[in-house]
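To start, the structure under review is shown below, and the notes come after it.
Chains as they are written, first to last, in my numbering: chain X, 2 to 366; chain S, 2 to 366.
Written out as structure tokens, the structure is:
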């Protein structure tokens, strides 16, 4: 079924006033999304048929913070879980200017042309600091947007990192139930979300520029060390020699890092979305990675560890949420924080006191 | 008062059978420590007089997990807080083999000879994985152990990272109340504690070896990027040229990283504990760092942020502790974890269920 992602994005948002031209990639700019009134079985049915309009609506349901939507979403995910296809989840990040969208457009099209179904999800909690880069970095992905075998879903427009991570992980399940066997999870690379993306990907791909200097500003510390493949982008024209040199530098640096548990030795490559040189190389290395990790068991092991990790992360977030939303805590928190900042009480005594206030308030309920 | 740290370590442990020769630096090997029966005012009085035997006993009190000791320790810390001297807290880590103890011995002696009082604390939660390195890395610090202006306290022998971090931070307060104006907080560099040490230090010093390769194995990712000063150790004899080259390589790499908020540009140096070359250079740079950060306000800002950070970290840990110690949670946790691992339930649904079980069990109490 040929489908226009632009149209489906508009469908989801229908009823909300929109300016005449809308880049579907930034449709999350409209924070109010209407949640459809389908039943969980209607959603599931549509998803299993590969209907991306319904998939998109189901993700909107996941993103909703309303209690009744959360309940429905959990039921839907429980029913979708047995239907997920075996997939390859690739985390992609890059410094601003590395041409992440252009790379995903070119590389993603190559993947769908080989018969794969590709879902591109983004995880980037909005913040004043990173908003500029996110919007600025989003160039069009026209080919992929109009590709019937691709599904592109922009980042949820707001929420804590934990909340956004949960939504993205749940969206992955729905995409896999809809038959998408390759999942790209992308992030801007200058925020706090790289660890989260790394924790939900099988393979982590870092896009770098030759001669990055100022571009590294704000980049998450340690990100190079968590990458399985580093691709130096824009290796074309007058930039090609510089990119080749950068590849050598990164290769040397990668040898200084400890080997990953999977036995994979990280590699540095050069690519060009313009000449398409190096794209096949990236694909070959990704395939090598999966061949290795699927055969030595580390693919399954990593998936299991990630599931466990997210269970505990989520418990942590729920407990903290209950604590910080407690009115007695809200009333006293800043007072104690101020005392801590002024050195009048130790950080640990303040914490104990606040936890005691929290427990007492619940006794009274 | 001339005092032998070896003796005072033995005092703390008296009544417990010990082998004939004991390296005071690994006296934490004996897990059972007797807690003195002093009152909080006795402890405070001794600490304010700079009595390191009593300081040592007070830290043993902090390390105790008994409820009555915790209460007494909190009272003591509250009373000690107004008496802390202005201090410089230096986090020190290094790859195994970098000669951390030898460096601390030589550099620490230099600092005390200048009239400073130096406390050396360690933060390394014991684990099967790191235990070998911790014990293996501890060479003697005889000079410093016998230095009346130095106080050396080994790492608590067991406990979670969060617990050990709390104990170390509380120990810092007592040391500062006892007049120690320079605090070294050291960690092995191959564990999970580097971030914790970084979060309680004004300045972070990384000791590296020239030509480190295998030594980097197990080293915390991103650690180089959080360092303010990198010192290449063992820059003497036939190793000197290699160290000078390494210094250049690290200097180049440091320029790739984003500048720190304080405005400090990280530097790489070479040192030798044997020839003592470069030690003054390290001291000069540390002084420069403090001159800069104290004058531009970032010293105070960082201290405040760290206090706030530890308050929230501690709340987190207390909440998680209550959750995981809950009998209903204990009963069900593994069942849910298994379902998550088998893909029968989403990580987030399992988390919600466990939190619900937790809340229900408390309603019944």
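Where a beta carbon is used, it is the ideal one built from N, C-alpha and C, also for glycine.
| Query | Result |
| --- | --- |
| Listed in chain order, which residues of the stretch 302–331 of chain X have Cβ atoms closer than 7 Å to some Cβ of chain S? | 305, 308, 309, 311, 312, 315, 316, 317, 319, 320, 321 and 324 |
| List the residues of chain X whose Cβ lies closer than 7 Å to the Cβ of residue 355 of chain S, in chain order. | 316 |
| Does the Cβ of residue 129 of chain X have 16 or more other Cβ atoms within 10 Å, making it buried, or fewer, making it exposed? | In this prediction, residue 129 of chain X scores a pLDDT of 39, lower than 50, which makes its location untrustworthy; the coordinate-derived value is nonetheless stated afterwards. Exposed is the call here. |
| Residue 187 of chain X bridges to which residues according to DSSP? | X/93 and X/123 |
| Counting only beta-carbon atoms, is residue 73 of chain X nearer than 9 Å to chain S? | no |
| With a CB to CB cut of under 8 Å and the five nearest residues on each side skipped, what residues in its chain are close to residue 246 of chain X? | 211 |
| Would you mind stating whether residue 206 of chain S and residue 287 of chain S have Cβ atoms separated by less than 9 Å? | yes |
| Please classify residue 297 of chain X as buried or exposed, where buried requires at least 16 other C-beta atoms within 10 Å of its C-beta. | exposed |
| For the beta strand (DSSP E) that contains residue 1 of chain S, what are its first and last residues? | Only positions 2 to 366 of chain S appear in this structure, which leaves residue 1 of chain S out of reach. |
| Please check if any C-beta of chain X sits within less than 9 Å of the C-beta of residue 170 of chain S. | yes |
| Would you verify that the beta carbon of residue 344 of chain X is, or is not, closer than 9 Å to some beta carbon of chain S? | yes |
| Would you be able to state if there are at least three C-beta pairs under 8 Å between the stretch 71–79 of chain S and the stretch 38–45 of chain S? | yes |
| In the structure shown, what three-state DSSP assignment does residue 232 of chain X receive? | strand |
| Is residue 44 of chain S close to chain X? Criterion is C-beta to C-beta, closer than 9 Å. | no |
| My output table needs one value for residue 271 of chain X: the three-state DSSP class, helix, strand or coil. | strand |
| Report yes or no: is there a C-beta of chain X within less than 9 Å of the C-beta of residue 273 of chain S? | no |
| Measure the alpha-carbon distance for residue 36 of chain X versus residue 53 of chain X and round it to whole angstroms. | 15 Å |
| Starting from the Cα of residue 209 of chain X, find the closest Cα among X/167, X/227 and X/271 and give me that residue. | X/271 |
| Measure from the C-beta of residue 291 of chain X to each C-beta in chain S and report whether the shortest distance is under 9 Å. | no |
| Would you call residue 351 of chain X buried or exposed, if buried means 16 or more other Cβ atoms sit within 10 Å of its Cβ? | buried |
| Answer yes or no: do residue 197 of chain S and residue 234 of chain S have a C-beta to C-beta separation smaller than 9 Å? | no |
| Would you kindly report the start and end of the unbroken alpha helix (DSSP H) that includes residue 107 of chain X? | 101–114 |
| Counting C-beta neighbours from all protein chains within 10 Å, is the total for residue 364 of chain X 16 or more, i.e. buried, or is it exposed? | exposed |
| Find out if the Cβ-Cβ distance for the pair residue 45 of chain X, residue 176 of chain X is shorter than 9 Å. | no |
| Apply the 10 Å Cβ neighbour rule to residue 239 of chain S and answer buried if 16 or more other Cβ atoms are within range, or exposed otherwise. | exposed |
| Is the beta carbon of residue 185 of chain S sitting closer than 9 Å to the one on residue 86 of chain S? | no |
| Is the distance from the Cβ of residue 292 of chain X to the Cβ of residue 203 of chain X below 9 Å? | no |
| What does the alpha-carbon distance come out to for the pair residue 316 of chain X and residue 60 of chain X? | 22 Å |
| For residue 338 of chain S, go through chain X and note every residue whose CB falls closer than 8 Å to its CB, in chain order. | 309 and 312 |
| Return no unless some Cβ of chain X is closer than 9 Å to the Cβ of residue 78 of chain S. | yes |
| Taking 9 Å as the threshold (beta carbon to beta carbon), is residue 243 of chain S in contact with chain X? | no |
| Anything in chain S within Cβ reach of residue 341 of chain X, meaning under 7 Å, just list it in chain order. | 308, 309 and 312 |
| In chain order, what residues of the same chain lie with their CB nearer than 7 Å to the CB of residue 327 of chain X, ignoring the 5 residues before and after it? | 359 and 362 |
| So, residue 167 of chain X versus residue 349 of chain S, is the Cβ gap smaller than 9 Å? | yes |
| Applying the 10 Å Cβ sphere with the 16-neighbour rule, what's the burial state of residue 67 of chain S? | exposed |
| Going by alpha carbons, who is nearest to residue 108 of chain X out of X/321, X/144 and X/81? | X/144 |
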